Amino acid sequence: AKEQGKNRYKVFHTGMNLSSYRNFMLQNELRKAIEREELRLVYQPRIDVKTGAVTSAEALLRWKHPNWGTVLPSEFIPLAEESGQMAELGEWVLRTASKQSVDWQRAGIAPIRVAVNFSAHQFLHRDAGERIRRILEQNELRPELLEIEITETALMGNEESVTRTLRQLKSAGIAVSIDDFGTGYSSLNYLRRFPVDSIKIDKSFVQDLCKSASDSTPFVQAIVSLAQSLRMTVVAEGVETEGQLSKLRALHCDEFQGYLFCPPVEAADFEAFLVRSQAP
Ligand code: C2E
Ligand code: CA
Ligand code: CA
Ligand code: CA
Numbered sequence: 438a439k440e441q442g443k444n445r446y447k448v449f450h451t452g453m454n455l456s457s458y459r460n461f462m463l464q465n466e467l468r469k470a471i472e473r474e475e476l477r478l479v480y481q482p483r484i485d486v487k488t489g490a491v492t493s494a495e496a497l498l499r500w501k502h503p504n505w506g507t508v509l510p511s512e513f514i515p516l517a518e519e520s521g522q523m524a525e526l527g528e529w530v531l532r533t534a535s536k537q538s539v540d541w542q543r544a545g546i547a548p549i550r551v552a553v554n555f556s557a558h559q560f561l562h563r564d565a566g567e568r569i570r571r572i573l574e575q576n577e578l579r580p581e582l583l584e585i586e587i588t589e590t591a592l593m594g595n596e597e598s599v600t601r602t603l604r605q606l607k608s609a610g611i612a613v614s615i616d617d618f619g620t621g622y623s624s625l626n627y628l629r630r631f632p633v634d635s636i637k638i639d640k641s642f643v644q645d646l647c648k649s650a651s652d653s654t655p656f657v658q659a660i661v662s663l664a665q666s667l668r669m670t671v672v673a674e675g676v677e678t679e680g681q682l683s684k685l686r687a688l689h690c691d692e693f694q695g696y697l698f699c700p701p702v703e704a705a706d707f708e709a710f711l712v713r714s715q716a717p
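Heads up: the sequence shown begins at 438 in full-length UniProt numbering, then just goes up one per residue.
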């Protein structure tokens, strides 16, 4: 896919509108982003609801273009997938996150898991498990310290490949979580067929926890009890208020992530944060 991507330059033509012009420019610039070192990862802590301890760090990709400033992943990741560049980007992310995790350990920080987002293509690749294992090995990260996040929608309609990759990851000792849980069409079916380690309740549910008009409480409650009976960890994402957190606590959600506790931050700031949170 890497070789393919390189030869698939699109040609600009005058009939393009402004947004397809921007996409065209972004796709071409993205090809140079890795070597120009315009990419970096930021990290957001996942917190144990009961103890307040940091359980893991989610790595989130950032691209800062010299002329256009920060481009958000929601804009450039779909473009990278479309142009076949996601495999290369994804490997860069996994390598960088692995190195970072090892660096933190070498700095004397108690090991925590690092969670890396995977696109559908990456996850469904025939040798996904083998590729991941190789990167971990090269960077000396123990597989138990990696978690792969994959969205529910990315898993849809690819039963065979999903099962294959899940098996590969499981036998390698790598954890998997389903991201944006509840936004797809067959959430329950997934849990039945594909055993994963944790599910992340989509932030739209968290945001509606305290709303009288469209209160999501019964849904969150159902997700939590189902996941826990399957021995999966339940994580709530996008937690912004104390009200939401206390609701989640009452609903026995295991872990949470969100601006309330900490937004995604630079690696150095995350390290400082870990040092403080692990101090006796
Ligand atoms: P996601 O995996 O669901 O990540 C959570 C998003 O919510 C992140 O947006 C994060 O910055 C944001 N967030 C965290 N706490 C809060 C909160 O309290 N409130 C609100 N409103 N938002 C919060 P971000 O970093 O812009 O990433 C957007 C999406 O891009 C991610 O959604 C993920 O699907 C994708 N993405 C990011 N990095 C990567 C990557 O390395 N690889 C792949 N394949 N996808 C990535
Ligand atoms: Ca995620
Ligand atoms: Ca999510
Ligand atoms: Ca999302």
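Glycine is no exception: its CB is placed at the ideal position from the N, C-alpha and C atoms. This one's a predicted model, so the numbers in the text were calculated from it and none came from an experiment.
Check: residue i C-beta below 7 Å from any heavy atom of ligand 2
i      : result
Glu589 : no
Glu586 : yes
Glu495 : yes
Asn460 : no
Asn554 : yes
Same chain, Cβ closer than 6 Å to residue i, five either side skipped, listed in chain order
i      : result
Cys699 : Pro482
Asp485 : Thr492, Glu692
Lys684 : Leu646
Thr507 : Lys501
Lys443 : Confidence at Lys443 is low in this model, with a pLDDT of 48, below 50, so the placement of that residue should be treated as unreliable; the coordinate-derived value is given next. Excluding residues within five positions, none has a Cβ falling inside 6 Å.
Ala673 : Ile638, Val643, Leu685, Cys690, Phe693
Contact test: residue i Cβ vs ligand 3 heavy atom, cutoff 7 Å
i      : result
Glu674 : yes
Asp634 : no
Lys637 : yes
Asp617 : yes
Status (buried if at least 16 other CB within 10 Å, exposed otherwise) for residue i
i           : result
Ser456      : exposed
Leu625      : exposed
Ser653      : buried
Asp564      : exposed
Met523      : buried
Leu509      : exposed
Gly566      : buried
Lys637      : buried
Tyr696      : exposed
residue 718 : Because the chain is modelled from 438 through 717, residue 718 falls outside the range shown and cannot be assessed.
Gln464      : buried
Glu679      : exposed
Glu474      : exposed
Residues of its chain near residue i, where Cβ-Cβ distance is below 7 Å and the 5 sequence neighbours each way are ignored
i      : result
Phe555 : Gly527, Ile585, Glu586, Ile587
Gln681 : Val643, Leu646, Cys647
Ile549 : Val491, Thr492, Ser493, Ala494
Ala517 : Leu467, Met523, Leu526
Val661 : Val671, Leu688, His689, Cys690
Close-in-space but distant-in-sequence residues of the same chain around residue i (CB under 8 Å, 5 per side omitted)
i      : result
Leu478 : Ala496, Leu497, Leu498, Arg499, Val530, Thr533, Ala534, Gln537, Ala704
Val599 : Phe560, Leu561, Leu592, Phe631
Leu582 : Ser538, Pro548, Ile549, Arg550, Val551
Residue i - containing alpha helix (DSSP H), residue span
i           : result
residue 399 : Residue 399 is absent from the model: the chain starts at 438 and stops at 717.
Tyr458      : 455-470
Ile514      : 510-519
Asp540      : 523-543
Pro655      : 654-666
Proximity test, residue i beta-carbon vs ligand 1 heavy atom, cut-off 7 Å
i      : result
Glu519 : no
Gln542 : no
Ile514 : yes
Val530 : yes
Leu509 : yes
Gln694 : yes
Leu498 : yes
DSSP bridge partner residues for residue i (one or two, in chain order)
i      : result
Arg550 : Ser493
Ile587 : Ile615
Asp485 : Glu692
Ala673 : Ile638, Phe693
Leu478 : Leu498
Glu703 : Val479
Gly506 : His502
Contact with chain B by residue i, beta-carbon distance below 8 Å
i      : result
Asn554 : The displayed structure is made up of one protein chain only, and chain B is not part of it.
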